[in-house]
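Accompanying notes for the structure given below.
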Amino acid sequence: EMATGHRARTYHNTAVLMEDGRVMIAGHSPINTAYLTFVDLQDFGLAPYDGRDPSFEIYTPPYTMRDDRPEIQSAPRNLSIGDRFNIKVDQADQIDKALLIRRTVMTHVIDGDQRAIELVMERGNGNKLTLKMPDNHNVVPAGEYML
């Protein structure tokens, strides 16, 4: 069974994947959405108007608690289109794929730049994997990614 949030979120909300696998959930609780007049949302069975009180929560998915998760021990900080590069990782023989996850750029519940890019992967020796960046900058626009 999954945990539920402590606050309802209906307006300008977001969920951000953090580097450690947890998810930060943020935004406003239900707000008065009648822009020209005040409407008490409780009259419609919804949460009361709370003054647009923004809040944040951290959700810890079950997969983050596993003690058998692979750990990246070293990887380059900067890469370019078409680069081949090595990463050092424990359990290299257990890894089936490697992805670049684009940092979140959400607004109004939509991430217009969301992407997960599977990298070409070659087996390395011991705890080393060799990966290759895509050759097309339209696939991997410049910016920050998580591996």
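Straight run, no breaks: the sequence shown in full-length UniProt numbering ends on number 147. All C-beta atoms in this analysis are idealised placements derived from N, C-alpha and C, irrespective of residue type, glycine included.
- If you draw a 10 Å sphere on the C-beta of Leu99, you find fewer than 16 other C-beta atoms in it, and that means exposed.
- With a threshold of 16 other beta carbon atoms within 10 Å, Gly112 falls short and is exposed.
- Excluding sequence positions up to five before and after Ile95, its CB lies within less than 8 angstroms of the CB of Pro70, Val89, Met121 and Leu129, all in the same chain and listed in chain order.
- Put simply, of Asp135, Ile117, Lys97 and Arg7 the residue whose alpha carbon is nearest the alpha carbon of Tyr59 is Arg7.
- Apart from sequence neighbours up to five positions away, no residue of its chain approaches Gly143 with a beta-carbon distance below 6 angstroms.
- Per DSSP, the unbroken beta strand (DSSP E) holding Pro54 starts and ends at Pro54 to Tyr59.
- In the DSSP assignment, the residues bridged to Leu100 are Ile117.
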